[in-house]
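Down below is the structure, laid out as structure tokens.
Residue numbers (my numbering): 111 to 553.
Below is the structure:
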């Protein structure tokens, strides 16, 4: 190929003096420049930057945005209109970190509940019978009162004889029977007559309650006082039970409780010393109760004899019952022909099942430990046990099956007889003999 053409020659150098002078730039009209002489051999200054566009932004401050953070200048819309981009919508995360919501409005207090139907005294209005005021104070009868409500309009609907609503309680139609000898009843079951003077003394004692003398410690006094108040008995009834051995009013259990709280020798000496030195100062109720008990001759011995009299028959009957049960069970086992028949059936079936076995077959008898296991031996189809088959065989051989009785003794009788030991029976009889001798000595 032919060689490339040579480059064009460079233009000659131009000097600053050869260029025509440029006119000075025009400044804004608000600035006045003095004319200057043209300067030679100087480079003119660069032209000033164009003026910034004026934005039509109101000088009124914007409203507060709460937790909203204004966007950075980079987010400003660079459109020719110069209007800022609108703020973002509501931010849930910002609301979570914001101030707490205002408290709920205060409500009015709950009004007082309205009275129930029938008023506040509705229970008293339900009582159908009028109150009774006996002429004399009567002994109380501690029962549980039953109140029958009057039928309402809804319950007056007709019912059939077989419906459950037709079954009325006994008390709804039961009327009180007239008592012709009510005066005699009042005399027989009234409280013991108390003189008016004693009542006045009690009122005075209540006014001067601080004069009562408490000699026992707090716990001991409280226990004795609770027992004395819970008896609901006059002291004369306790004396009658001990003097006449009559437990119809005061039971042996109550006498035993009284005996357990009786005063010791130290307590009794303290009480009697106070009575002798301060006869005008009354004792507190627990101390007075213990002092009255000590005034009963041989109080402890009388209570012990009553308790022994109550326990003697029970203890003796318990020993006799054990001996009689052992005697009857042993006699049944030795003489019962029906029991022998059952054992013979078991022996025959067992030898048949153990036929051909040299160790178990051809037995003349068997140990009694096999008897509880007969119900565990089941038939081939699990429809019957060996015990069922033995019973069926026994009933089949009975001449009168409907009159057949149990061929074995009662299991409870056998269990009781098995737990009897003659050493325990002998010890029980020995203790009864010692207690009986002690009662004879005290009497």
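By construction, the Cβ of each residue, glycine as well, lies at the ideal position given by its N, Cα and C atoms. Remember, it's a predicted structure, so these values are computed and weren't measured experimentally.
According to the neighbour-count rule (16 or more other Cβ atoms, all chains shown, within 10 Å of its Cβ), is residue i buried or exposed?
i           : result
residue 156 : exposed
residue 413 : buried
residue 212 : exposed
residue 478 : exposed
residue 541 : exposed
residue 376 : exposed
residue 359 : exposed
residue 397 : buried
residue 246 : exposed
residue 317 : In this predicted model, residue 317 has a pLDDT of only 45, less than 50, meaning its place in the structure is not dependable enough to derive any value.
Mind reading off the beta-carbon distance from residue i to residue j? Whole number of angstroms is fine, and I expect it under 8 Å.
i           : j           : result
residue 475 : residue 496 : Between residue 496 and residue 475 the Cβ distance is about 17 Å, and since that is not below 8 Å, they are no contact.
residue 353 : residue 410 : Going by Cβ atoms, the distance from residue 353 to residue 410 rounds to 15 Å, so no, they are not a contact pair.
residue 372 : residue 400 : 7 Å
residue 357 : residue 416 : 7 Å
residue 464 : residue 523 : Between residue 523 and residue 464 the Cβ distance is about 32 Å, and since that is not below 8 Å, they are no contact.
residue 380 : residue 325 : 5 Å
residue 355 : residue 549 : That belief does not hold up - the Cβ atoms of residue 355 and residue 549 are roughly 12 Å apart, past 8 Å.
residue 420 : residue 334 : Incorrect: roughly 24 Å between the Cβ atoms, too far for contact.
residue 517 : residue 448 : 4 Å
residue 394 : residue 331 : 7 Å
Considering only residues of the same chain and omitting the five flanking positions on each side of residue i, which have a CB-CB separation below 6 Å?
i           : result
residue 511 : 505
residue 432 : 530
residue 546 : none
residue 552 : 411
residue 488 : 495
residue 535 : 429
residue 503 : 455
residue 442 : 519
residue 481 : none
residue 486 : none
Determine which residues share a DSSP beta bridge with residue i and list them.
i           : result
residue 495 : 488
Keeping to the same chain, check which residues put their C-beta closer than 7 Å to that of residue i; ignore five residues upstream and five downstream.
i           : result
residue 190 : With a pLDDT of only 47 at residue 190, under 50, the local geometry of the prediction cannot be trusted, and the value read off the model is given with reservation. The answer is none, since no qualifying residue turns up.
residue 341 : 364
residue 538 : 425 and 429
residue 402 : 345
residue 406 : 349 and 352
residue 439 : 519, 523, 524 and 527
residue 404 : 373 and 378
residue 347 : 359 and 360
residue 343 : 360
residue 329 : none
Which same chain residues, not among the five before or five after residue i, have their C-beta less than 8 Å away from its C-beta?
i           : result
residue 337 : 367, 368 and 371
residue 471 : 461, 464 and 465
residue 500 : 452, 455, 456, 459 and 484
residue 293 : none
residue 533 : none
residue 473 : 457, 460, 461 and 464
residue 492 : none
*Jot down the residue ranges of each uninterrupted alpha helix (DSSP H) in the stretch 313-396, minimum 4 residues, whole runs only, in chain order.*
328-340, 345-354, 362-370 and 375-387
Output the residue ranges of the alpha helix (DSSP H) runs that lie fully inside the stretch 427-468 and measure 4 residues or longer, sorted by chain position. 447-463
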